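Below: one structure, written as structure tokens.
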Amino acid sequence: MSAGGGRKAILAALSANLGIAIAKFVGAAITGSGSMLAEAVHSVADTGNQGLLLLGQHRAAQEADEKHPFGYARNRYFYSFVVALVLFTLGAMYAIWEGVHKIRHPEELSSPVVAVVILALAAALEGYSFTTAMRESAPLRGGAGWWRFIRTSRNPELPVVLLEDTGALIGLLIALAAVVLTMLTGNAIWDGIGTLGIGILLGAIAVVLIVEMKSLLIGEGATPEEIRAIRENLVDGARIDRVIHLRTEYLGPEDLMIAAKVAIVPGLDIAAIAEAIDAAESRVRTAVPTAKLMYIEPDLYRSQPA
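Residues in the sequence shown are numbered from 1 upward in steps of one, following the UniProt record's numbering.
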């Protein structure tokens, strides 16, 4: 998935969250709902997060230089990690604090019907954003589910948007349930419980994102499927007969670095070895298009003693 594909999902989420945040703040001001206010802050955090993801893509596009010879692609991982921290601090911690405050000091809602209408509108906009992210991630997911994609993808933006949108949709259901229960029971404590629930939900999502983005930022290797493809294409059976060592690392979502030591068939001259390595690189890049940087060391295979 190119940065352009992820950018479409980010822009869809940005526009949806901006509209949702405005509507929720209006609703919170009219109704006095803590869960609505928590959701409004959540949407503001999400809107800022989309801006950070776009900034990360922009900075990742810088050309490599002497100080950063492998380029700036890791910016996409760094800013996605920052997004996870923002979601945890600004989103989750605020909602938990507001929820505890509303449970200890319940406040009656005014015009709760307004809250229900705004939450329904917000759900429609979040559904649009989520659908766009699912559609943009489809080529990367293949037949895998969205949760497996989030855990295994080397693309940072789409998992962030998918988890944010999932959390937003669940949070909207929690806020709607809290408002409806407050209306039915006349007890405003339900609004505080809903706010607290939203905070816990956001905290759980933020923790998942922090763990995944930290792993990408430190450096993850190729997927098992990519490793198999790399090994199969390094060997041609005529001049390269086995892979002795293989190390891989994603420098960015579309920048896989490969370092390999391969066993050359004895007796080949320098020209034949160079040609064999060039052909191996070509085969690997065809099979794994993200393999932008390759270092292949020719050697003779020496069997290990028993």
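Backbone N, C-alpha and C define an ideal beta-carbon position, used for all residues, glycine too. Nothing here was measured: the structure is a model prediction, and the numbers come from that model.
Close-in-space but distant-in-sequence residues of the same chain around residue i (CB under 6 Å, 5 per side omitted)
i, result
"L90", "A45"
"F81", "M213 and L217"
"Y295", "A259"
"E254", "T290"
"N75", "G56, R59 and A60"
"E226", "V288"
"V83", "N49, L52 and V160"
Three-state class that DSSP yields for residue i in the structure shown
i, result
"I30", "helix"
"P106", "coil"
"K67", "coil"
"E220", "coil"
"V117", "helix"
"D46", "helix"
"S2", "Low confidence applies to S2: its pLDDT is 47, below 50, so where it sits in the model is not reliable enough to give any reading."
"L256", "strand"
"G197", "helix"
"D191", "helix"
"A61", "coil"
"L94", "It is worth fixing the name first, because residue 94 is Tyr in this sequence and not Leu. It is helical."
"G145", "coil"
"S111", "coil"
Segment limits, alpha helix (DSSP H) that includes residue i
i, result
"M183", "E157 to T185"
"D278", "I270 to A287"
"F78", "N75 to V86"
"R302", "No alpha helix (DSSP H) holds R302; DSSP gives it neither H nor E."
"R154", "From DSSP, R154 is part of no alpha helix (DSSP H); its letter is neither H nor E."
For residue j and residue i, believed in contact at Cβ under 8 Å, the rounded distance
i, j, result
"D165", "A133", "6 Å"
"T47", "T152", "Not a contact, Cβ separation roughly 28 Å."
Cutoff 8 Å; reference residue i; Cβ partners in own chain excluding five residues on either side
i, result
"L300", "A263, I264 and P266"
"E220", "R154, E249 and Y250"
"Y94", "A38, V41 and G199"
"Y128", "A12 and A16"
Exposure label - residue i; buried when at least 16 CB within 10 Å
i, result
"P305", "Note on P305: pLDDT 44, under 50, position unreliable in the model; no value is reported."
"T290", "buried"
"W146", "buried"
"H68", "exposed"
"V284", "buried"
"A271", "exposed"
"H42", "buried"
"E157", "buried"
"E136", "buried"
"S182", "It should be noted that the sequence gives Thr, not Ser, for residue 182. Buried, since its Cβ has 16 or more Cβ neighbours within 10 Å."
"K24", "buried"
"S33", "buried"
"residue 307", "Because residue 307 is not part of the residues shown, which for the chain are 1 to 306, the question remains open."
"N49", "buried"
"V113", "exposed"
Element boundaries [beta strand (DSSP E), containing residue i]
i, result
"E249", "I240 to G252"
"V265", "Note, V265: premise wrong, no beta strand (DSSP E); not H, not E."
"L293", "A291 to D299"
Contacting residues, own chain, Cβ-Cβ under 7 Å from residue i (five flanking each side not counted)
i, result
"D241", "V235, A263 and V265"
"I103", "I189, G192, I193 and L196"
"G4", "Legend: pLDDT at G4 = 49, less than 50; position of this residue unreliable, no value from coordinates given."
"L163", "I150, I205, V208 and L209"
"A28", "M36, L37 and A40"
"V161", "A9, I10, A13 and A133"
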